[in-house]
Amino acid sequence: MFATIRHWLDTRFDWDDLTAPLRHKTVPTHRLSYWYFLGGITLFLFLIQVLTGILLLLYYRPGANEAFESVQYIMTRVRFGWLIRSIHSWSANLMIFTAFAHMFSVLFLKAYRKPRELTWVSGVLLLFLVMGFGFSGYLLPWNTLAFFATTVGTAIAGQVPIVGKPMMIFLRGGPGVTGATLTRFFGFHVAVLPGIATVLILLHLMLVQLLGMSVPSKLEVQWTADPSLKQEMKFFPNFLLRELMAWYLALGVLGVLAALFPWNLGVKADPFASAPAGIKPEWYFLFMFQTLKLIPSKVWFIDGEVLGVLAFGLVGLLWILLPFFESDEPSHVKRWITGIAVFALAYIAGMSVYGLLAK
Amino acid sequence: MAFLQNKQRPFSAALAGLASFVVFAACLGYAQTKNSCLDCHSALPDPMGVTEEKFSQDVHAQKGLTCASCHGGDPTSDDPDKAMSRKAGWKGKIDRKQIPELCGSCHSGPAYIRQFNPSLRTDQLGQYRTSVHGKRFAAGDTMVAVCTDCHSVHDLRAPSDPRSTVNPVNVAKTCARCHSDAGYMKGYSIPTDQFAKYSTSVHHEALAVRGDLSAPTCSTCHGNHGAAPPGVEKVQNVCSNCHAFQAQMYEKSTHKKAFEAVSLPGCVVCHSNHDIRRPTDAYLGAGPQGVCMRCHKPGDHCDQARAQLLSGLSQLDEAIKSADQALSVAESSGMEVGEARLGQDQARDSLTKARVTIHSFRTDLVEQDIQAGLQIAAKNLQAGKQAMVERNHRRFGLGISLIAIGIVLAGLRLYIKKIES
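If you're matching them up, the sequences are chains A and B in order.
First residue of the first sequence? That's 1 in my numbering, and the numbers climb one at a time after it.
First residue of the second sequence? That's 360 in my numbering, and the numbers climb one at a time after it.
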């Protein structure tokens with residue numbers, strides 16, 4: 001039957017020609033090949049987000065008077081609603097984690113080097129976008145923690161000189177976090193960000209397909225010197241089947257987390273209540289939040305928080321441009337970039353743990 | 360005037376004129392506001408000493424009144440003989456017997472008081488005359504409280520000021536200065552343990568510990584300027600100011616008539632007066648905390664009704680606790696039981712309502728509230744149990760899913776092995 005369908009497609013669309021690149025594509029194999037799966041897992045989790053997000057949209061109602069109740073309804077009345085919502089929440093967190101892990105694996109394997117600079121740029125932009133998804137989606141259940149986290153988060157954004165205040169007003173839909181903010185965040189979460197993300201993901205995947213998989217610089221030098229040492233496997237079906245195994249594993253982990261630790265709904269937001277003591281953002285913003293807390297209120301004549309926000313903005317920009325500081329020659333890769341990567345990883349992990357434990 | 364004619368320096372001339380005016384105005388102002396009394400009295404020891412700092416805290420001083428407003432005299436004079444001359448109206452130390460009338464000379468005048476505080480009442484002196492203090496004072500007893508005993512003097516603050524001796528938080532301590540002093544109260548046939556008892560009461564806890572300014576203090580029940588014991592027949596009227604529902608129930612109850620027949624003071628019979636504790640269901644018990652059996656005989660109709668009421672309340676209390684426990688277990692398993700949690704508040708409301716309805720002393724009415732609460736608690740308990748059943752289903756489903764995923768993984772692994780061998 002498959003042969004008949006294939007023949008039918010081939011006679012009409014030159015199916016064999018169309019799929020030829022896929023059949024001829026190869027993936028390098030070495031002891032660090034496992035890191036290649038992280039990007040695929042992140043993509044899988046994004047697809048899970050799209051699917052569960054569409055299902056949640058069937059019942060979710062954006063609005064200060066309805067949002068919490070509609071999520072409660074999904075959790076308690078809708079068949080498998082609890083599972084869909086828990087998977088959406090857990091998958092979001094896992095996706096951000098795997099996106100970070102994917103970025104650091106690319107960094108340590110030096111996979112961002114020429115000619116893959118734009119793959120890195122699109123990837124880092126996607127990471128920022130994924131964090132934007134997290135920030136906007138966190139408010140949607142309209143619970144106390146989300147309300148105050150958004151209040152604090154948008155206030156930090158408001159610290160940016162000149163454009164900060166108008167940007168904060170734009171994000172909030174007014175001077176304070178209200179139902180207008182919820183409606184805006186809903187719009188960003190389900191329309192604006194997915195649109196940009198789809199374009200960037202397609203670009204990222206196209207670049208990966210076009211440029212192939214990178215190999216670690218040492219290996220690249222060896223393989224260039226002696227091509228007989230080169231080891232690779234077919235992308236289809238060998239690598240794809242392995243990737244499929246990774247996706248199934250991710251699905252299992254998601255199932256375990258969603259079933260054993262369903263995502264808590266919390267208490268409905270009360271804009272007139274005082275903020276709960278020791279309120280913290282989601283874990284992926286914790287390193288920045290803790291840093292801002294540690295900066296003195298005045299550094300020389302500059303406001304400490306403004307300085308922190310500007311510093312993070314500058315670091316983010318330099319991070320996007322990182323490949324352009326690297327050498328083109330695999331034999332002359334710059335060690336200081338690896339040093340920065342180690343420091344960044346240690347800083348993010350350390351500050352996150354510190355922020356988690358700090359009162 | 361020569362410098363005014365100097366056309367070369369018109370600016371300097373204007374400046375000199377302005378400076379002269381300022382100095383003149385300052386001297387005039389100094390003469391008008393000068394209070395020479397404090398020059399000497401701030402250096403004197405108590406009870407004659409009044410420092411400027413102390414007097415500046417006084418609400419009268421803040422409104423522009425001076426020592427002379429009460430004591431007379433001429434505070435603008437630096438000469439003590441002139442400042443404290445009878446000719447200038449100096450009265451010296453105010454005789455204790457004159458204090459209520461002196462204060463009343465301003466505080467009973469609506470037109471005068473209105474210019475300072477239009478909402479301030481002006482019937483204090485009239486009320487005082489009807490109080491036990493006022494009546495005894497009129498009869499010549501100068502040991503009873505007069506205005507300054509409660510409000511203090513020379514640093515008298517508005518009652519809304521937390522430092523005021525008559526701020527709700529401080530009233531009980533102010534009353535206790537006399538009423539808890541056994542030596543001072545020796546000549547009066549009233550107890551002196553009211554403050555000690557009040558300090559253990561639920562009202563004191565609400566006011567002093569929780570800072571609830573609506574909680575009662577001495578003056579809430581006894582009145583302030585017209586302070587007097589509420590009287591046996593009026594006790595429920597006092598309590599009903601806050602405990603309205605209980606009072607309504609009690610008004611229609613058989614106990615009201617029974618208590619009145621033997622001159623028992625309503626609410627106080629079961630709850631006492633100054634040392635009112637937080638009532639518990641044990642009040643309905645037959646144990647040492649039980650109040651019913653102080654009057655009723657074991658085994659009589661009322662004893663049976665008491666036991667029935669207690670049993671109903673205990674049953675509802677237990678039902679609520681069981682539902683709470685079931686919901687907590689479900690919550691700790693990650694189940695969403697927010698609606699049932701909200702329902703628990705309704706069950707607790709029913710229990711509170713049943714406890715209020717006790718004051719009707721009608722088992723049928725209390726039973727209605729208890730049954731309503733039991734139904735809600737049972738529904739919530741069921742929700743908790745259902746959540747646990749649902750949790751088990753989820754875990755079973757997870758197990759099946761993981762087995763399925765495991766089989767697919769094994770199959771993929773075998774297939775990869777096959778195509779690569």
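Idealized CB from N, CA, C, for every residue including glycine.
From a predicted model like this one, the values you see are computed outputs, not experimental measurements.
If you compare alpha carbons, which of the options is closest to residue i?
i        : options                                   : result
Asp303/A : Gly158/A, Asp10/A and Gly137/A            : Gly158/A
Arg753/B : Ile778/B, Ile766/B, Ser692/B and Arg714/B : Ser692/B
Ala531/B : His513/B, Cys509/B and Ala517/B           : Cys509/B
Arg116/A : Leu205/A, Ala258/A, Asp10/A and Thr76/A   : Leu205/A
Met407/B : Gln421/B, Ser415/B and Ile453/B           : Ile453/B
Leu318/A : Val299/A, Trp8/A, Lys298/A and Ala341/A   : Ala341/A
Gly212/A : Phe272/A, Phe2/A, Thr29/A and Ser327/A    : Thr29/A
Ile735/B : Glu749/B, Asp676/B and Phe755/B           : Asp676/B
Ile458/B : Arg637/B, Thr489/B, Ser511/B and Ala678/B : Ser511/B
Ile762/B : Lys334/A, Leu18/A, Tyr248/A and Leu127/A  : Tyr248/A
His562/B : Ala587/B, Phe554/B, Pro575/B and His581/B : Pro575/B
Ser136/A : Lys165/A, Val163/A, Val124/A and Phe186/A : Phe186/A
Thr338/A : Ser105/A, Ala225/A, Leu32/A and Leu51/A   : Ser105/A
Phe108/A : Leu240/A, Trp336/A, Asp10/A and Leu171/A  : Trp336/A
Gln339/B : Cys580/B, Ser612/B, Ile472/B and Gly625/B : Lying before the first or after the last residue shown, residue 339/B is absent from chain B, which here runs from 360 to 780.
Pro360/A : Met75/A, Val71/A and Glu329/A             : Residue 360/A cannot be examined here, being either before or after the span of chain A that is shown, 1 to 359.
Ile348/A : Phe312/A, Phe80/A, Pro323/A and Lys359/A  : Phe312/A
Against chain B, with Cβ distances strictly below 8 Å, would residue i count as a contact?
i        : result
Val256/A : yes
Trp120/A : no
Leu242/A : Position check: residue 242/A holds Arg in this sequence, whereas Leu was assumed. Yes, because at least one Cβ of chain B sits closer than 8 Å to the Cβ of Arg242/A.
Gly252/A : yes
Met351/A : no
Pro276/A : no
Phe360/A : As displayed, chain A neither begins before 1 nor continues past 359, which places residue 360/A out of reach and without an answer.
Tyr356/A : The sequence shown places Leu at residue 356/A, rather than the Tyr named in the question. Taking Cβ atoms only, chain B never reaches closer than 8 Å to Leu356/A, which makes this a no.
Leu47/A  : no
Asn93/A  : no
Tyr34/A  : no
Trp223/A : no
Trp82/A  : yes
Asn238/A : yes
With 8 Å as the threshold, decide whether the Cβ of residue i is near any Cβ in chain A.
i        : result
Tyr487/B : no
Gly743/B : no
Ser464/B : no
Val725/B : no
Ile764/B : yes
Ile735/B : no
Leu363/B : Note on Leu363/B: pLDDT 40, under 50, position unreliable in the model; the coordinate value appears next. For Leu363/B, the answer is no, since every Cβ of chain A falls outside 8 Å of its Cβ.
Leu768/B : yes
Which same chain residues, not among the five before or five after residue i, have their C-beta less than 6 Å away from its C-beta?
i        : result
Cys651/B : Arg665
Gly40/A  : Glu243
Ser467/B : Thr481 and Leu484
What residues in its chain sit with their C-beta under 8 Å from that of residue i, if we drop five residues either side in the sequence?
i        : result
Leu286/A : Lys280, Met351, Ser352, Gly355 and Leu356
Leu129/A : Leu193, Ile196, Ala197 and Leu200
Asn143/A : Phe68, Leu265, Gly266, Val267, Lys268 and Ala269
Ser122/A : Leu200, Leu203, His204 and Leu207
Val333/A : Lys110, Arg113, Ser217, Glu326 and Ser327
Phe37/A  : Arg242, Glu243 and Ala246
For residue i, which residues from the same chain have a beta carbon less than 7 Å from its beta carbon, with the 5 sequence-adjacent residues on both sides left out?
i        : result
Arg516/B : Gln416, Val418, Arg522 and Ser523
Gly493/B : Tyr487
Gly649/B : Ala641, Tyr642 and Leu643
Note down, in chain order, all residues in the segment 672-690 of chain B with a beta-carbon under 8 Å from any beta-carbon belonging to chain A. none
Which residues, in chain order, does the segment 497-516 of chain B contribute to contact with chain A at a C-beta distance below 9 Å? none
According to a CB-to-CB cut-off of less than 9 Å, which residues of the segment 691-706 of chain B neighbour chain A? Ser692, Gly693, Met694, Glu695, Val696, Gly697 and Glu698
Using a Cβ distance threshold of 8 Å, determine whether the segment 686-706 of chain B contacts the segment 731-741 of chain B, with at least three qualifying pairs required. yes
Check distances from the C-beta atoms of the segment 68-80 of chain A to those of chain B and list, in chain order, the residues that come in under 8 Å. Gln72, Met75 and Thr76
Determine, using beta-carbon pairs with one atom in the segment 94-113 of chain A and one in the segment 754-772 of chain B, whether at least three such pairs fall under 8 Å. no
Say whether the segment 71-90 of chain A touches the segment 271-280 of chain A, bearing in mind that this needs 3 or more beta-carbon pairs closer than 8 Å, one atom from each stretch. no
Decide yes or no for the touch test of the segment 631-638 of chain B against the segment 546-565 of chain B: beta carbon pairs closer than 8 Å, at least 3 of them. yes
Of the residues that make up the segment 288-301 of chain A, which ones have a beta carbon closer than 7 Å to any beta carbon in chain B? none
Proximal residues, the segment 637-648 of chain B versus chain A, C-beta separation under 9 Å: none
Can you list, in chain order, the residues of the segment 746-760 of chain B whose Cβ is nearer than 8 Å to any Cβ on chain A? Arg753, Arg754, Gly756, Leu757 and Ser760
Contact between the segment 18-28 of chain A and the segment 230-242 of chain A: three or more CB pairs below 8 Å? yes
Interface residues of the segment 160-186 of chain A facing chain B [CB-CB below 7 Å]: none
Using 8 Å as the Cβ pair cut-off and three pairs as the minimum, do the segment 719-728 of chain B and the segment 654-670 of chain B touch? yes
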